[in-house]
Structure formats: structure tokens, C-alpha cells
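Below is one structure, written out as C-alpha cells; the observations come after it.
There are 2 protein chains.
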Amino acid sequence: MTEKDDFSLQDFLPFLLNRAAEDASLAFQAHYKNRYGMLRNEWRVLFHLGVFGQMTAKEIGQRAKIHKTKISRAVAKLAERRFVSRSRDEKDRRAEHLRLTPAGEAAYRDLRAEAQSYDAQLAARFDPQEVALLLRMLRKLASIEEPVSSAPERDRD
Amino acid sequence: MTEKDDFSLQDFLPFLLNRAAEDASLAFQAHYKNRYGMLRNEWRVLFHLGVFGQMTAKEIGQRAKIHKTKISRAVAKLAERRFVSRSRDEKDRRAEHLRLTPAGEAAYRDLRAEAQSYDAQLAARFDPQEVALLLRMLRKLASIEEPVSSAPERDRD
DNA sequence: AATTAATAGTTGTTTTTGTAACTAACAAGG
DNA sequence: CCTTGTTAGTTACAAAAACAACTATTAATT
């Protein structure tokens, strides 16, 4: 319609990123929410443990940039549902090592499969090299270091 | 770190998009939050009114894909602070036309300037044609129609 | 060793959000 | 008109997030 000036909301990156994130998350959200009653931070913690194996809450927080309060509550919920188990570090008894239980592993594998197929579905809407660029740009915006798989990244899976 | 399988969180679009959106929104958020005590939905409503002029809550909701409840609360807050004024539609007395007050216009212009300079700052981290592609992809993911430039305008909804 | 500072994680309290039920106005069919 | 259905917007209540204060343990300073 008639815009009053040259500013366009649809070109404003923070706005667009939030909208795209919301829309793109919706379908996946339904899975972890309906199937496992998980919250956003819970699947994030679950996935970090699934991908990286044993970690402390602090390490998850650093890697995912999630505040310790959120991690703590997400872990409490996951532990209550026997998806993660905790064990104190003997050297530093403040720290707690977290890992998935077999039930947690199962949930992770299930959701990971969903994630992969959903991701493929999203990516299929674009050319592969466009997707690669999108990922690189998003990682840069999110201050996530590039995966150091091999030489300068070119292709992914 | 040693990943246990071929799944990578940093390549998972919903995750990446959320992370990028959070990070990219942080600096701008500080402005509307600290300067005007606004919430996310409040600046969205303010911007829609600033960009498009008079609108009803329903129209804002459709355009921004924000639920009417959120709009209602955001408008109530903005009206309370005398940033927007409301007037009933005489033909349909359910509908309410919203518009910015002079104070609202001033806040909008101020925040718009912030938005533009912040956006330019973000965009400067990439090549212009990369940014254009990013915007196009994000709009597609967010189901936002392309801004009318070459193609004839298409009326939806 | 005693004091102070720092760190890992938790808990409590206040805001914000999400969901659904609600009111008021209009619309259509009988 | 009168029922039934729809729409615009609000409100109430439950769920979740944000922020800050707290405990327990370790590290640093004197």
C-alpha cells in the first residue's frame, strides 16, 4: 500500500529474522511440544547433549548462548522425565555432568530425524548454494564459528 | 568437539534462525526498551502505524502475523502512553482505527532512524548482493510477499 | 588459616505470553 | 423481528520467561 516514507519493515533485518524464525520454527515446535511436552529450551538442551555427549550446564550455556537459569530449569524438567541423568564432578563438586539416558537418546533420535527431514524440506525451497550462503550469513549474525569440517567450507551434507 | 553423528545443530535452520534473530535483535531492542519502555509487539505496532498510517488492529495483525490478543495489549499500552489514538469506525462500530499521535510520530521517527542505522550496520558485514539474497530468502521463509519494484503489485488478503 | 572474591547451579518473584472465554456489533436466513 | 453465526476487540487465568537473590563450593589474597 502507500507507505509514508522510504523505510520498509520487510527489509529490516531484525524484524525479518524474527518473523522467519517464528515461521520456520512452527512445524518443528509442534513435534517436540506435542510428542514430548518439551519447551524450546528443553529440546535445545536435549539436542546439545545428543550431539555433543556429556556436558555440564555451563558448557551448554556457552555453546547455545542460553542463560544458566533457563538451562537449570530445562535440565530439571528433563531429569524429572528421565531424559537426562546428572553426576557431580569429583574434582569440582559445583559442576554437574549431564548426559542423556536411553530414553533421552531415543527421544533425541526421534526428534533429530524430524529435524533433518524438516530442514531438508525448508532447504528444498532454495538452490543448494543459496542455502549454503544463507547458513553462512546466519552463523555470522549469530556469532557462531564456521564448522571446521575441512578446508574453506563449500558444501554441506 | 567430537560429534556423535552427522547431525549438526549449527546447520539446522530453525535453530540458526532463532539464534541469529535473537542476536540481531539485541541492540535494537535496547533502544525501544530503554528509551521508551516498549515491548517487542509495541514497537511492531508503532512501526506499522508509522509506515502505513492509519490502520485497524485487525489489519496490523494480518500484516504482521501477530495475534489479536497481542495487538490489543500493545495498543492499550501505546494508547496509555499517548503514542496512538483510537477512533471507532462509524460504519462498523466494532472496528477501531488506530493512528500515531504527534508523540507517537516522534518516537517512531527516532526509532526508525535507529533501525535504519542499525540495519545498515548489520548489512555492512556482507556484500550487497548477498544481503539482497538473504532478504529474499527470509521473506520467503516468512511468507512475506516481495516488495513491489519490478513486478506488478499483487493484492493479497 | 581467615577473609574475600569468583563460579556452578538453583530458587523466588515479577513480567510477559498464550489460550480460551468473553462482550459488543454486525449479518443473514427464516 | 428473532434466532444463529461471524467478526473486532478485550479480558481472565494459566504457563512460561526474565531478573535478581540465594546456596554451595572453589580460588585468590593477605
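In order, the protein sequence lines correspond to chains R and S. Residue 554 is where the first sequence starts when you use our numbering, and the numbers rise one by one after that. Residue 554 is where the second sequence starts when you use our numbering, and the numbers rise one by one after that. All C-beta atoms, glycine included, are put in the ideal place defined by N, C-alpha and C. The model shown is predicted, which means the values in this text are computed figures rather than measured ones.
For residue i, count neighbouring Cβ atoms within 10 angstroms of its own Cβ and tell me buried if that reaches 16, exposed if not.
i	result
residue 622 of chain S	exposed
residue 571 of chain R	buried
residue 601 of chain S	buried
residue 521 of chain R	In this structure chain R extends from 554 to 710, so residue 521 of chain R is not present and cannot be described.
residue 647 of chain S	exposed
residue 672 of chain R	buried
residue 629 of chain R	exposed
residue 659 of chain S	exposed
residue 657 of chain S	buried
residue 641 of chain S	exposed
residue 645 of chain S	exposed
residue 635 of chain R	exposed
residue 677 of chain S	exposed
residue 701 of chain R	exposed
residue 573 of chain R	buried
residue 637 of chain S	buried
Considering only DSSP beta bridges, list what residue i is partnered with.
i	result
residue 609 of chain R	R:650
residue 637 of chain S	S:653
Below 8 Å on the Cβ atoms is my guess for residue i versus residue j; work out the distance and round it to an integer in Å.
i	j	result
residue 675 of chain S	residue 569 of chain R	Actually they do not touch by this definition, with Cβ atoms about 11 Å apart.
residue 627 of chain S	residue 595 of chain S	5 Å
residue 560 of chain S	residue 588 of chain R	Rounded, the Cβ-Cβ distance is 18 Å, inconsistent with contact.
residue 686 of chain R	residue 683 of chain S	6 Å
residue 581 of chain R	residue 567 of chain S	5 Å
residue 631 of chain R	residue 599 of chain R	6 Å
residue 597 of chain S	residue 617 of chain S	6 Å
Is there contact between the segment 683–697 of chain S and the segment 573–581 of chain R, where contact requires at least three CB pairs shorter than 8 Å? As far as the Cβ criterion goes, the segment 683–697 of chain S touches the segment 573–581 of chain R, which means the pair count is three or higher.
Does the segment 600–616 of chain S come into contact with the segment 653–669 of chain S, if we say contact requires no fewer than three beta-carbon pairs (one atom in each stretch) closer than 8 Å? As far as the Cβ criterion goes, the segment 600–616 of chain S touches the segment 653–669 of chain S, which means the pair count is three or higher.
Which residues, in chain order, does the segment 634–664 of chain S contribute to contact with chain R at a C-beta distance below 8 Å? Residues: none.
If we count Cβ pairs, one from each stretch, closer than 8 Å, do we get three or more for the segment 636–652 of chain R versus the segment 609–620 of chain R? These segments touch.
Which residues, in order along the segment 662–684 of chain S, keep a beta-carbon less than 8 Å from a beta-carbon of chain R? Considering only beta carbons, the part of the segment 662–684 of chain S lying closer than 8 Å to chain R consists of 665, 668, 669, 671, 672, 675, 676, 678, 679 and 683, in chain order.
Residues in the segment 609–625 of chain R having any Cβ partner in chain S nearer than 9 Å: Listed in sequence order: 616, 617 and 618.
Residues of the segment 565–599 of chain R in Cβ contact with chain S at a cutoff of 7 Å, in chain order, please. For the segment 565–599 of chain R, which is checked against every Cβ of chain S, the residues closer than 7 Å are 565, 566, 567, 569, 570, 571, 572, 573, 574, 576, 577, 578 and 581.
Which residues, in chain order, does the segment 684–700 of chain R contribute to contact with chain S at a C-beta distance below 7 Å? Within the segment 684–700 of chain R, the residues whose Cβ lies closer than 7 Å to some Cβ of chain S are 686, 687, 688, 690, 691, 692, 693, 694, 695, 696, 697 and 700, listed in chain order.
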